[in-house]
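Here the structure comes first, spelled out in structure tokens, and everything after it is commentary.
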Amino acid sequence: MRQTVENVRERIIYAREQINIIREERWLWHVGHLTHTTNMTQMWQHVNRVRDQQVSGLTEQLRCRKAELHPTRWVTITAETLLHDDTDHEILRDELLRAWKTSKDTVPGDNDITYSMLSHVCNMVGDPLLCLFSRSLMQSMVHKEWKAANIIPIPNAQ
Numbered sequence: 018m019r020q021t022v023e024n025v026r027e028r029i030i031y032a033r034e035q036i037n038i039i040r041e042e043r044w045l046w047h048v049g050h051l052t053h054t055t056n057m058t059q060m061w062q063h064v065n066r067v068r069d070q071q072v073s074g075l076t077e078q079l080r081c082r083k084a085e086l087h088p089t090r091w092v093t094i095t096a097e098t099l100l101h102d103d104t105d106h107e108i109l110r111d112e113l114l115r116a117w118k119t120s121k122d123t124v125p126g127d128n129d130i131t132y133s134m135l136s137h138v139c140n141m142v143g144d145p146l147l148c149l150f151s152r153s154l155m156q157s158m159v160h161k162e163w164k165a166a167n168i169i170p171i172p173n174a175q
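Now the structure itself:
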């Protein structure tokens, strides 16, 4: 009987080691497939999957507590987002010009748009970029492309 218990313990230890090896291999596989075109949303989904941020990874007690707090949290967040903010006003041209990047061009992103193209849009009659930003702000709608970024690592010259 004692030998059976020891065998079970050894198998449990072995199984945990194997699980850790599999998780590490899977993580290395994910990291190996990140490229300069991987956006931040996808990257954080991978990180959260590895960290097991999903509810299924929580204990029963924590799941119950989370379910209890969800309505209160939702009401609080919704109430705060409906409040008027004094900074909610149309963007002025001088604000846009202060934020305007004037340094030299860098490599264009996936959409082939460079900083110089954006700076020329600032000089167009009718201020289309300013209108786009102001309309987005006043309608409380942020385009999904504005919330994601593609990080392109540039190695240092050695």
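For what it's worth, the numbering used here labels the leading residue of the sequence shown as 18, then goes sequentially. Cβ atoms here follow ideal geometry from the backbone N, Cα and C, with glycine treated the same way.
Comparing alpha carbon positions, the residue from 135, 134 and 154 closest to residue 103 is 154. If you look at residue 155, you'll find it in the alpha helix (DSSP H) that goes 145-155. Residue 53 is a Cβ neighbour of residue 169, given a cutoff of 8 Å.
Boundaries of the alpha helix (DSSP H) harbouring residue 27: 19-49, taken from the DSSP string.
Taking C-alpha positions only, residue 25 is separated from residue 89 by approximately 45 Å. Residue environment: residue 147 is assigned as buried (16 or more neighbouring CB atoms within 10 Å of its CB, all protein chains considered). Taking 8 Å as the cut-off, the Cβ atoms of residue 112 and residue 151 do not count as close. About 27 Å separates the beta carbon of residue 174 from that of residue 56, a gap too long to meet the 8 Å contact definition.
For the options 92, 110 and 94, the alpha carbon positioned closest to that of residue 140 is the one of 110. For the pair residue 136 and residue 117, the CB atoms are nearer than the 8 Å cut-off. Rounded to whole angstroms, residue 77 and residue 84 show a C-alpha spacing of 11 Å.
Judged by their CB atoms, residue 47 and residue 63 are nearer to each other than the 8 Å cut-off.
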